[in-house]
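Trainee: A single structure is presented below for examination.
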Amino acid sequence: MCGSINMERGKWRVKRETVVEVTDVSKIYENRWGSIRVLNRVNISLKKGEFVGIVGDSGSGKTTLLNLIGGMDYVSEGTITVAGEVISDFDERQRTLYRRRRVGFIFQDYNLIDELTVYENIILPFQLKGKEIDGKRIDSFLEMLKLSEKKNVFPAQLSGGEQQRTAVLRSLLSGPDIILADEPTGNLDSKNTQAVVNLLRLFSEKMDKTIIFVTHNMELTRNCDRIITVKDGKCIN
57 MCGSINMERG KWRVKRETVV EVTDVSKIYE NRWGSIRVLN RVNISLKKGE FVGIVGDSGS
117 GKTTLLNLIG GMDYVSEGTI TVAGEVISDF DERQRTLYRR RRVGFIFQDY NLIDELTVYE
177 NIILPFQLKG KEIDGKRIDS FLEMLKLSEK KNVFPAQLSG GEQQRTAVLR SLLSGPDIIL
237 ADEPTGNLDS KNTQAVVNLL RLFSEKMDKT IIFVTHNMEL TRNCDRIITV KDGKCIN
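If you count by my numbering, then the sequence shown holds residues 57 to 293, one letter each, in order.
Put into structure tokens, the structure is as follows:
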């Protein structure tokens, strides 16, 4: 079983339902020199509303694990179940729908669409899912993140911190079951880093979102409920 450290945030939470179940998952890549086992029989169980930090050295398998949970890659062995569905059995079409409807992604490089304004970038997932857009709610979060004055400008006119806050808000507001954040603060200064982490924690606590936060910065994991360490493709204490 994957090792984890319980982190207390003021008080212990009540028992919650399991949202993500990773069971004996391995990922093996083939090349002309042979097989590379990136992940080796990993087991993780994540609860609804948990804010989980995943740490480990570069090349340890952190991002691969995130990609498998997010349906961006296939498992070689084992199963991944999300909200009762065995996503590791999905075909390409099912995985595309799963990513669109159930998962929010936050990356280090923002992934904003240059031709869309801040507001248009944020509402894009709503449009793709055919969901109602609550403009007042979006405006309230833009104000909270000090982005109100940037609402109608394009990504090229934003600072790095503003771009990342926009990307985080786009993922969080689109209503996913789980949010996967892969080094989302890697390009930010300390002030913007803390703003992004605080926002993720807020959505975990207040909106009951399950958030998986990959980082090299152990200091940031103080905000997490649990820390999972990946080393050489395995989970350890």
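All C-beta atoms, glycine included, are put in the ideal place defined by N, C-alpha and C.
These figures come from a predicted structure and were not determined experimentally.
Taking only runs that begin and end inside the segment 107–153, name each unbroken beta strand (DSSP E) of 3 or more residues, in chain order.
Mentor: List check, beta strand (DSSP E) in window: 107–111 and 133–138.
Trainee: I'd like to check one pair, Ile-189 with Ile-178: are the Cβ atoms closer than 7 Å?
Mentor: No.
Trainee: Looking at Gly-289: is its Cβ nearer than 7 Å to the Cβ of Gly-117?
Mentor: Closer than 7 Å, so yes.
Trainee: If you check the beta carbons only, do Glu-218 and Lys-206 fall under 7 Å apart?
Mentor: It is a contact, given that the beta carbons lie within the stated cut-off.
Trainee: Looking only at C-alpha atoms, which of Arg-149, Gly-126, Met-200 and Arg-226 sits nearest to Leu-168?
Mentor: Comparing Cα positions, the closest option is Arg-226.
Trainee: Measure how close the beta-carbons of Gly-126 and Thr-285 come, nearest whole angstrom, since I'm counting them as under 8 Å.
Mentor: Going by Cβ atoms, the distance from Gly-126 to Thr-285 rounds to 20 Å, so no, they are not a contact pair.
Trainee: By a C-beta neighbour count over all protein chains shown, 10 Å radius and 16 as the cutoff for buried, is Tyr-166 buried or exposed?
Mentor: When all chains shown are included, Tyr-166 counts as buried.
Trainee: Quick check: what's the CA-CA separation for Val-76 versus Ala-223?
Mentor: One C-alpha to the other measures close to 23 Å.
Trainee: Out of curiosity, what's the CA-to-CA distance linking Ser-215 and Glu-199?
Mentor: So the two alpha carbons sit approximately 16 Å from each other.
Trainee: When you compare only the Cα positions, how much space is there between Val-142 and Leu-124?
Mentor: Taking the straight line from one Cα to the other gives about 12 Å.
Trainee: So what does DSSP say about Leu-305, is it helix, strand or coil?
Mentor: For residue 305 there is no data in the structure shown, the boundaries of the chain being 57 and 293.
Trainee: By the 10 Å Cβ neighbour count, where 16 or more other Cβ atoms means buried, how is Arg-193 classified, buried or exposed?
Mentor: Arg-193 is exposed by the Cβ-count criterion.
Trainee: Please name the residue or residues paired with Arg-93 in a DSSP beta bridge.
Mentor: Paired residues: Ile-84.
Trainee: Tell whether a beta-carbon distance below 7 Å holds between Thr-266 and Leu-121.
Mentor: No, they are not a contact pair.
Trainee: Measure the C-alpha to C-alpha separation of Gly-134 and Asp-195 and round it to an integer number of angstroms.
Mentor: For Gly-134 and Asp-195, the distance between alpha carbons rounds to 43 Å.
Trainee: Give me the Cα-Cα distance between Phe-182 and Ser-230, rounded to the nearest whole angstrom.
Mentor: Roughly 6 Å between the two C-alpha positions.
Trainee: Hey, how far is the Cα of Asn-279 from the Cα of Tyr-85?
Mentor: Their Cα atoms are separated by approximately 34 Å.
Trainee: Report the CB separation of Ser-260 from Glu-106 in whole angstroms; it is logged as a contact under 8 Å.
Mentor: Between Glu-106 and Ser-260 the Cβ distance is about 7 Å, and since that is below 8 Å, they are a contact.
Trainee: Where are the alpha helix (DSSP H) runs, 4 residues long or more, that stay fully inside the segment 173–208, in chain order?
Mentor: Fully enclosed alpha helix (DSSP H) runs of 4 or longer: 174–185 and 191–200.
Trainee: Assuming Arg-158 and Asp-233 are in contact, meaning their beta carbons sit under 8 Å apart, how far apart are those beta carbons, in whole angstroms?
Mentor: Indeed, because the Cβ distance is near 5 Å, the residues count as touching under 8 Å.
Trainee: Consult DSSP for Asn-248 and reduce its assignment to one of helix, strand or coil.
Mentor: Looking at Asn-248 - three-state DSSP - the assignment turns out to be helix.
Trainee: Would you report the Cα separation of Phe-210 and Ile-162, rounded to the nearest angstrom?
Mentor: Straight-line Cα distance between these residues: approximately 19 Å.
Trainee: Would you call Gln-213 buried or exposed, if buried means 16 or more other Cβ atoms sit within 10 Å of its Cβ?
Mentor: With fewer than 16 other Cβ atoms within 10 Å, it is exposed.
Trainee: If I'm right that Lys-83 touches Ser-132 with Cβ under 8 Å, what's the distance once you round it to whole angstroms?
Mentor: With 8 Å as the limit, Lys-83 and Ser-132 qualify as a contact, their Cβ atoms being about 5 Å apart.
Trainee: Excluding the 5 residues preceding and the 5 following Asp-170 in the sequence, name in chain order all residues of the same chain whose CB lies nearer than 8 Å to its CB.
Mentor: Contacts found: Phe-210, Pro-211 and Ala-212.
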